[in-house]
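This report concerns only the one structure given below.
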Amino acid sequence: MPARYVRRRSSQAVWSRRAGLLAVPVAVLTTALHRFGFIDTGPALVLAGIAGALALLALVLGFGAMVAIWQRGHRGMRPAAAGLVCALLVLVWPVWKLSHAALLPPINDVTTDWFAPPSLDWAAELRGPGGASTAYPGRDFALRQREAYPEIVPLIVGYSADLVFETARELAAEYHWTEIDAIPPDIKSPGVVHLVARTPVFGFPDDVAIVITRLSPEETRVDMRSASRFGRHDLGANAARIYGFLTSLATRLDMPLLAAPGEPAD
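Taken in order, the sequence shown gives residues 56 to 321; the numbers are from my numbering.
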């Protein structure tokens, strides 16, 4: 009876597929559950870390299996490929975001007013014990922000503070930001709007304050502050949020004019 060569099946390929097929639903469910408020940020970050670890394991095992298949003729091309595809599905977006973050300063609190940043004390209870401090980090953050985001400056418009206040609230509602409270401006005090915005994909909550200051009966200054509750790097989200909102507000008021920034205070 002639001898028959039986090719060995790569165990790495099998485990790569198993890890990858587990990583994908963990990542998707974690994102969906957090995005729609079914789980808190702390547990969501733990689950996201587990999904990432499983994806990395699938990636390493998949490459190892491919090497064994190529060099030793083992079976398992399909499960290895499945594991690699699943790993890439989970890892591509966070790796892209992290590579983008390498070009940005590690800050998580952005404001148009370095001298008197809008207060976020109202958000302390919302942040809870695991959240970042609501105090503005100070001059170092301001200098890094100015270097990376020189476009983040106050907005000066030639309209009454009352009109700007209501327009800002309407625009924030269109952005689907959750309004916590709003105090209209008067002769002595600026108007303030406190809101919670969420990042588009994972739904991380960020706290936003808008300050409407009456400069004259027909001139108003708009300041903003946007700060992340979790993490030391916002991946540019807060600066993009402020710039996008103020640009939209200026366009709606038909006055796309930004004031020049000053020197950050000590």
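All residues carry an ideal CB built from backbone N, CA and C; glycine is no exception.
In the three-state DSSP reduction, I124 falls in the helix class (H, G or I). Sorting P80, R287, L100 by C-alpha distance to the C-alpha of H89 places L100 at the top.
Of V81, S303, T189, D168, the smallest CA-CA separation from R201 is found for D168.
The closest CA to that of L146, considering only L158, Y298, L109, is found on L109. Annotation: A292 to A74 spans about 31 Å, alpha carbon to alpha carbon. Using a Cβ distance threshold of 8 Å, A156 and H288 count as a contacting pair. Ranking A294, E273, A178, G258 by CA distance to the CA of F93 puts G258 first.
Segment contact: the segment 209 to 218 against the segment 232 to 246, three or more CB-CB distances shorter than 8 Å; contact assigned.
Only exposed fits A171, as fewer than 16 other CB atoms lie within 10 angstroms of its CB. Counting the other Cβ atoms within 10 Å of the Cβ of F196 gives 16 or more, which makes it buried. When DSSP states are grouped into helix, strand and coil, S66 belongs to the helix group.
When the alpha-carbon of V69 is set against those of G246, P98, G138, the nearest one is in G138. Look at V277 here: in three-state DSSP terms it is strand.
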